[in-house]
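Undergrad: Protein chains in written order, with numbering that gives the first Met the number 0: chain A, 0 to 255; chain B, 0 to 121; chain C, 0 to 401; chain D, 0 to 127. Glycine residues also receive a C-beta, built at the ideal position from the N, C-alpha and C atoms.
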Amino acid sequence: MTEQLWQVHFKVHRQRTGGKPYVRTFTLDVDPEEYILDAVERIWALHDRTLTYRHACHHSTCGACGMRVNGREKLTCITTISSVTQNGGTVRIDPLRNFPVVSDLVVDMGNFFLRMDRSGFNSVAPLAAACLPYEQPLTAENSIDHEPERLVDCIECGLCISVCPAANTDKEYVGPAVLASLHLMYVQNPTQEFIDQADHHTGLWRCHSAYECTEVCPSGVDPAWRIMDMRKKVMSDRIKSIFRPRSSEKKNAQPA
Amino acid sequence: MRESLSPKRLEGSGRWLLKIFTGLLIVVFLGIHFVVNHLVAPGGLLTYADVVAYFQNPIIVVMEISFLILVVIHSFLGLRSILLDLNPSPMVLRVVNFVLVVIGAVAVIYGAWLALTIAGRG
Amino acid sequence: MEEGGDPHAELDRIMKTTQPSAIVIGAGFTGCALAYDLAQRGFAVTVVERGELASGTSGRTHGLLHSGARYCVTDAEAAIECIQENMILRRIAKQCIEYNGGYFVALDDADLGYAPAFFQGAQNCGIPVEEIDVQRALAAEPALNPKILAAYQVPDAAFDPLRLAMAFAASARQHGAKFNTFHDVVGFLRDGIGNICGVSAVNRHAGQPVDFRADITINATGAWAGKVAEMAGISVPVRPTPGVMVAYEKRVTQRVINRLCEPDDGDILLPQRRMAVIGTTSFEVEEADYIPVYPDQVKQMHQRAALLVPELENIKMRGAYMSARPLIGGLMSGRSLSRTFKCYDHQTDEEVNGLVTVTGGKATTCRVMAEKTADLVCQKLGWQRACETAQHPLADYHLYYS
Amino acid sequence: MPNQPEANNWPRWFDPRSRSLGTFGFILNRVTALGLTLYLLMHLIALGQLARGADAYDGFIALVKNPLFKLGELLVIAAGVIHGLNGIRIALNSFGIGVRCQKGTFIALMLIALFIIAFFTFKMFSEG
Numbered sequence: 000m001t002e003q004l005w006q007v008h009f010k011v012h013r014q015r016t017g018g019k020p021y022v023r024t025f026t027l028d029v030d031p032e033e034y035i036l037d038a039v040e041r042i043w044a045l046h047d048r049t050l051t052y053r054h055a056c057h058h059s060t061c062g063a064c065g066m067r068v069n070g071r072e073k074l075t076c077i078t079t080i081s082s083v084t085q086n087g088g089t090v091r092i093d094p095l096r097n098f099p100v101v102s103d104l105v106v107d108m109g110n111f112f113l114r115m116d117r118s119g120f121n122s123v124a125p126l127a128a129a130c131l132p133y134e135q136p137l138t139a140e141n142s143i144d145h146e147p148e149r150l151v152d153c154i155e156c157g158l159c160i161s162v163c164p165a166a167n168t169d170k171e172y173v174g175p176a177v178l179a180s181l182h183l184m185y186v187q188n189p190t191q192e193f194i195d196q197a198d199h200h201t202g203l204w205r206c207h208s209a210y211e212c213t214e215v216c217p218s219g220v221d222p223a224w225r226i227m228d229m230r231k232k233v234m235s236d237r238i239k240s241i242f243r244p245r246s247s248e249k250k251n252a253q254p255a
Numbered sequence: 000m001r002e003s004l005s006p007k008r009l010e011g012s013g014r015w016l017l018k019i020f021t022g023l024l025i026v027v028f029l030g031i032h033f034v035v036n037h038l039v040a041p042g043g044l045l046t047y048a049d050v051v052a053y054f055q056n057p058i059i060v061v062m063e064i065s066f067l068i069l070v071v072i073h074s075f076l077g078l079r080s081i082l083l084d085l086n087p088s089p090m091v092l093r094v095v096n097f098v099l100v101v102i103g104a105v106a107v108i109y110g111a112w113l114a115l116t117i118a119g120r121g
Numbered sequence: 000m001e002e003g004g005d006p007h008a009e010l011d012r013i014m015k016t017t018q019p020s021a022i023v024i025g026a027g028f029t030g031c032a033l034a035y036d037l038a039q040r041g042f043a044v045t046v047v048e049r050g051e052l053a054s055g056t057s058g059r060t061h062g063l064l065h066s067g068a069r070y071c072v073t074d075a076e077a078a079i080e081c082i083q084e085n086m087i088l089r090r091i092a093k094q095c096i097e098y099n100g101g102y103f104v105a106l107d108d109a110d111l112g113y114a115p116a117f118f119q120g121a122q123n124c125g126i127p128v129e130e131i132d133v134q135r136a137l138a139a140e141p142a143l144n145p146k147i148l149a150a151y152q153v154p155d156a157a158f159d160p161l162r163l164a165m166a167f168a169a170s171a172r173q174h175g176a177k178f179n180t181f182h183d184v185v186g187f188l189r190d191g192i193g194n195i196c197g198v199s200a201v202n203r204h205a206g207q208p209v210d211f212r213a214d215i216t217i218n219a220t221g222a223w224a225g226k227v228a229e230m231a232g233i234s235v236p237v238r239p240t241p242g243v244m245v246a247y248e249k250r251v252t253q254r255v256i257n258r259l260c261e262p263d264d265g266d267i268l269l270p271q272r273r274m275a276v277i278g279t280t281s282f283e284v285e286e287a288d289y290i291p292v293y294p295d296q297v298k299q300m301h302q303r304a305a306l307l308v309p310e311l312e313n314i315k316m317r318g319a320y321m322s323a324r325p326l327i328g329g330l331m332s333g334r335s336l337s338r339t340f341k342c343y344d345h346q347t348d349e350e351v352n353g354l355v356t357v358t359g360g361k362a363t364t365c366r367v368m369a370e371k372t373a374d375l376v377c378q379k380l381g382w383q384r385a386c387e388t389a390q391h392p393l394a395d396y397h398l399y400y401s
Numbered sequence: 000m001p002n003q004p005e006a007n008n009w010p011r012w013f014d015p016r017s018r019s020l021g022t023f024g025f026i027l028n029r030v031t032a033l034g035l036t037l038y039l040l041m042h043l044i045a046l047g048q049l050a051r052g053a054d055a056y057d058g059f060i061a062l063v064k065n066p067l068f069k070l071g072e073l074l075v076i077a078a079g080v081i082h083g084l085n086g087i088r089i090a091l092n093s094f095g096i097g098v099r100c101q102k103g104t105f106i107a108l109m110l111i112a113l114f115i116i117a118f119f120t121f122k123m124f125s126e127g
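1. Would you mind reading off the limits of the beta strand (DSSP E) that contains Asn218/C?
2. Using a Cβ cut-off of 8 Å (strictly closer), state whether Ser165/A contacts chain B.
3. Among the residues of its own chain, which have a CB less than 6 Å from the CB of His8/A, if the five just before and after it don't count?
4. Taking the alpha carbon of Phe167/C as the point to measure from, which residue in Ala319/C, Gly101/C, Asp36/C has its own alpha carbon closest?
5. Using a Cβ-Cβ cut-off of less than 8 Å, give me the residues of the region 70-101 of chain C that come near chain A, in sequence order.
6. Going by alpha carbons, who is nearest to Glu72/A out of Asp228/A, Cys216/A, Lys231/A, Gln135/A?
7. Label Thr168/A either buried or exposed according to how many other C-beta atoms from any shown protein chain fall within 10 Å of its C-beta, with 16 as the threshold for buried.
8. Please list the partners that Ala6/D has in chain A, where partner means a Cβ-to-Cβ separation under 7 Å.
9. Would you call Phe118/D buried or exposed, if buried means 16 or more other Cβ atoms sit within 10 Å of its Cβ?
10. Which whole-angstrom value describes the C-beta separation of Asn85/C and Ile195/C, a residue pair presumed to lie in contact below a C-beta threshold of 8 Å?
11. How far does the beta strand (DSSP E) with Phe97/B in it reach, from first residue to last?
12. Can you give me the C-alpha to C-alpha distance between Glu387/C and Gln39/C, rounded to a whole angstrom?
13. Could you tell me which chain B residues have their CB closer than 8 Å to the CB of Leu108/D, listed as they occur along the chain?
14. Check whether the Cβ of Leu45/B lies closer than 8 Å to any Cβ atom in chain A.
15. With a 10 Å radius around its C-beta and 16 neighbouring C-beta atoms as the bar for buried, classify Arg114/A as buried or exposed.
16. If you measure from the beta carbon of Thr22/D to each beta carbon in chain A, is any gap under 8 Å?
17. For Thr339/C, which of helix, strand or coil comes out of DSSP?
18. Examine chain A for any beta-carbon lying closer than 8 Å to the beta-carbon of Arg59/C, and answer yes or no.
19. Suppose you measure from the CA of Thr31/D to the CA of Phe181/C; what does that come to, to the nearest Å?
20. Tell me where the beta strand (DSSP E) around Tyr102/C begins and ends.
21. I want to verify the contact list: residues of chain B whose CB lies under 7 Å from the CB of Thr36/D, in sequence order.
22. Looking at the strands, I want to know which residues DSSP matches up with Trp5/A.
23. Over what stretch of residues does the beta strand (DSSP E) that includes Gly278/C continue unbroken?
24. Taking CB distances under 8 Å as the criterion, tell me whether Asn56/B reaches chain D.
25. Between which residues of its own chain and Gly333/C is the CB-CB distance below 6 Å, once the five residues before and five after are set aside?
26. Got a sec: which bits of the region 204-216 of chain A sit with their beta carbon under 9 Å from any beta carbon on chain B, in order along the chain?
27. What span of residues does the alpha helix (DSSP H) with Lys93/C cover, start to end?
28. Need the endpoints of the beta strand (DSSP E) that Thr372/C sits in, please.
29. Using beta-carbon positions only, say whether Gly242/C and Gly193/C come within less than 8 Å of one another.
30. Which class does Leu393/C belong to by DSSP, given the choice of helix, strand or coil?
31. Please check if any C-beta of chain A sits within less than 8 Å of the C-beta of Arg51/D.
32. Quick check: the Cα distance between Cys61/A and Asp74/C, rounded to an integer number of angstroms?
33. Using the C-alpha atoms, what's the distance from Gln187/A back to Ala197/A?
34. In angstroms with no decimal places, state the Cα-to-Cα distance between Thr79/A and Gln6/A.
35. Roughly how many whole angstroms lie between the Cα atoms of Pro94/A and Cys95/C?
36. How far does the alpha helix (DSSP H) with Lys249/C in it reach, from first residue to last?
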């Protein structure tokens, strides 16, 4: 970290519940290698105690501090000030798009978390499954006494949903994170349930290949790749099912 | 998501596959179209007589009509997909479906009639 | 009863008239676990939190689920508490823990000299400890410093801080607790005879004042417990004691790597998601609201990390953050339920009825802190229901939003 | 709550500010799709002139030789080429092919599109 401080103007989105949004500017002397979240916290602690924002872990494991920095979705706890502005520059801080704003920088993630839950999302997975399937598995040989496991990459920060152009107009679209979760669950446990959930107008087919989700994902989940891979899996399943002996008729014959 | 499932899926793998296949076939047909156009009518079909002569080949008539069908299916499926992005209510969507099917059918029938009429004037 | 009809309705009526109510200030680990414990025992619980869940010390914890071995020589009581709670959380909070175990590794002769006391201490505390052949340890963790002299395996684990708090909060909500995040407590409400009967707060979303009333109020604000108690004119000797943590871009090991020595700066390297997190330091501050990350401490952590895993020298830092532990200082004025955390009934000490403060402790022991505090609250209110939080798995953390 | 998904946010589909390359592909695809659909309908109506006989059609063709119409025709060709090539990329991606090099594919295909459009521009206006 450098010793020299920068003067940076932070233009922060402000809004009370149900009130009109406005922008307030705070000018701070910052270390350029500080993170945006540190600056937001300092604005709250030293300049304006009414500012509301979400945060918890400060090192990209919890996903609470997603905001838009100069219009772009960022996990603010790992975004250095020097990566988005220069000395004397201006940084705009806005809440995520496509989520209801509760106040200032706080958005309501409730619906998103419940959708993640319904997708069967499990936040811990065996190490081999926690990696992306096209990656080299981390290290297989160190499973001396047990198979290592890992908290999976998706931290449910909502950046991908905020940046997605399809999620911009369609509130029913479950969004990249949920589809990526369905893919991850299907890779670990290939059951029809995940196929059926993904093959839906609120699911896979609302994606229009803008690939923004993968661009903004702070954890390397690669939702776009997972969506496309899931499409392949769904389509091959549907094509195979044409030739499969019909077990569904039997199921339908039974009273529900 | 399970709770939010509407009784009928509004879009699924079948329609997506149809869109992709029609899309790819359109690309192939367009390629053929350009090549054929240049071989059959090097200067382009710029007079009425040229067009009528061109439509004397039954393969051309079949090709043009199938091309029209593919384009209508592809563009209207695409248009419907864009409209689905606007999160229409089931009622609105029913109207949209109806209108798209009607316009599509009219376009195909009209186009086929046109092609056969021109072919018949030879 | 004969003419009363449905006995359940009758029970409901009695419950409604006699159900005790509690306000929990703070939604960190302790606050969430306490809300769950009290709600599960039949309290009507209201949680009032200034920010988001776990936005203070809890969220910024290292993320280590202690085996207790870190304290088995210096503080056996804490070590025993850790291993017991470790085993319980492993059962009930599997959803947010990567249970990969940990190594204690000796890097020099001084560390080796500590080994016998460590091994004996761990065994005495009931911590499953096993000496691992150095070659085998290096095969299991190839990134480890190849110069290690000894290795011991213990049941450490890494957890996701926010999700652990959310899992407790989700369970609390399923038992009827109400969470009011972004509500800043600005004062205590008192009844006619000076007892505390609730809190007045400000809804920070709307900027509007709101009062909450309950039979008892529990101050579970950790490092801020002193400041909150001050609003009631009570002094609680808590010193915010921050430490720095540094996260790296690469998960260099699968297990937690501890240095085999007495608790020291930068002696724990923890794998978490795709990262490795090294911690920590220790110094006292007066004010815990904003603690800057000091570059010299980050540099020190970097050096310590490279001692354990040399390749970290060249791996990019992903984040650096400060977390203020609530260390209890001063004389033992409160009723000490444990050496690791404390629970003050302000009726006995300051003759202020209706307020209890719980502070100190570690993330690993949050459940037992809640249990002991809830025991005290039940005893105060004459409410007899046993704690069951150790028996049942926590609700899925997503359901906090249900 | 201005940031919730709403149907009337649709103009943001076409807002390229603080977006990455993939959104340019999305915007191009959507704009060309709408344009080509519009053209399809106009084209069908215009070809109705054929049914009215030689004079009507030849008169129409004379009108179309106007440079303004030529520019329109060029736009249609450009839209068709861009949508077609971009569509190939999206179709392949949907089968799980080349997702991780979609950016490179996009740039390459758009360069090809540019080349084809340039070719048609040259051809059309040189014949002019």
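TA: Taking the coordinates as given:
1. 215-218
2. The sequence given here has Ala at residue 165/A, not Ser. With 8 Å as the cut-off, Ala165/A counts as an interface residue toward chain B.
3. Thr24, Thr26, Thr89
4. Asp36/C
5. Lys93, Gln94, Cys95, Ile96, Glu97, Tyr98, Asn99, Gly100
6. Cys216/A
7. So Thr168/A counts as buried.
8. Thr168
9. exposed
10. The beta-carbon distance between Asn85/C and Ile195/C, rounded to whole angstroms, is 35 Å. This is too long to meet the 8 Å contact definition.
11. Where Phe97/B is concerned, there is no enclosing beta strand (DSSP E), although the alpha helix (DSSP H) it sits in stretches over 89-119.
12. 7 Å
13. Result: empty, since nearest Cβ-Cβ is about 12 Å, beyond 8 Å.
14. no
15. buried
16. Closer than 8 Å: yes.
17. coil
18. Contact with chain A is found for Arg59/C, since one of that chain's Cβ atoms lies less than 8 Å from the residue's Cβ.
19. 47 Å
20. 101-105 is the extent of the beta strand (DSSP E) around Tyr102/C.
21. Ser74, Leu78
22. Val29/A
23. 274-278
24. no
25. Here Gly333/C scores only 42 on pLDDT, less than 50, and its place in the model should not be relied on; the value that follows carries that caveat. Cβ-Cβ distances below 6 Å link Gly333/C to Lys341, Tyr343 in the same chain, with the five nearest sequence neighbours on each side left out; the list follows chain order.
26. Trp204, Arg205, His207
27. Note, Lys93/C: premise wrong, no alpha helix (DSSP H); not H, not E.
28. For Thr372/C, no beta strand (DSSP E) segment is defined; the enclosing uninterrupted segment is the alpha helix (DSSP H) at 365-380.
29. no
30. coil
31. no
32. Note on geometry: alpha-carbon atoms of Cys61/A and Asp74/C lie some 31 Å from one another.
33. 15 Å
34. 14 Å
35. 27 Å
36. Segment: none, Lys249/C is in no alpha helix (DSSP H) and carries neither H nor E.
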